[in-house]
Amino acid sequence: MTIRYLWTLDRAGQQSRNGLATENELFKLLNRESLPCVMPADWLLATMQIDMEGSGLSIHESKHNPEDTWKLELKLAA
Numbered sequence: 001m002t003i004r005y006l007w008t009l010d011r012a013g014q015q016s017r018n019g020l021a022t023e024n025e026l027f028k029l030l031n032r033e034s035l036p037c038v039m040p041a042d043w044l045l046a047t048m049q050i051d052m053e054g055s056g057l058s059i060h061e062s063k064h065n066p067e068d069t070w071k072l073e074l075k076l077a078a
């Protein structure tokens, strides 16, 4: 069984985007986005997966640079 995640990415100055993706698809998305001031994409995804234990939801925000803030929300798809 393949686990899928509902995701939403909000970036300053860009339209909010969302979708449904597998772990590999999310990894590719995070690499393409080159989100500033964070750990490598595989670490970010692993950390968020750990955070969603129990609740099925994880949110990570970066406010390091006001011009390039972002928020990523992952939720386990039922």
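Residue 50 in UniProt numbering is what sits at position 50 of the sequence shown, and the numbering runs on without skipping anything.
Positions of the beta carbon are idealized from the N, C-alpha and C atoms, including for glycine.
query: Who are the Cβ neighbours of E73 in its own chain at under 6 Å, not counting the five residues just before and after it?
result: As a working note, residue 73 is residue 73 in the sequence shown. Setting aside the 5 residues that flank it on each side, E73 is surrounded in the same chain by T8, I59, each with a C-beta closer than 6 Å to its C-beta; the list follows chain order.
message: If I follow the unbroken alpha helix (DSSP H) through A41, where does it start and stop?
response: One-based indexing of the sequence shown puts residue 41 at position 41. Taken as a continuous stretch (DSSP letters only), the alpha helix (DSSP H) holding A41 covers 41-51.
message: Suppose you measure from the CA of L6 to the CA of N18; what does that come to, to the nearest Å?
response: Counting from one through the sequence shown, the residue named residue 6 turns up at place 6. Counting from one through the sequence shown, the residue named residue 18 turns up at place 18. Approximately 7 Å, taken between the alpha carbons.
query: DSSP beta-bridge partners for S62?
result: The residue you call residue 62 lines up with position 62 of the sequence shown. DSSP output for S62 lists W70 as bridge partner(s).
query: Is I50 near the ligand SAM, going by C-beta to nearest heavy atom under 6 Å?
result: Although the ligand SAM was asked about, the structure shown includes no ligands whatsoever.
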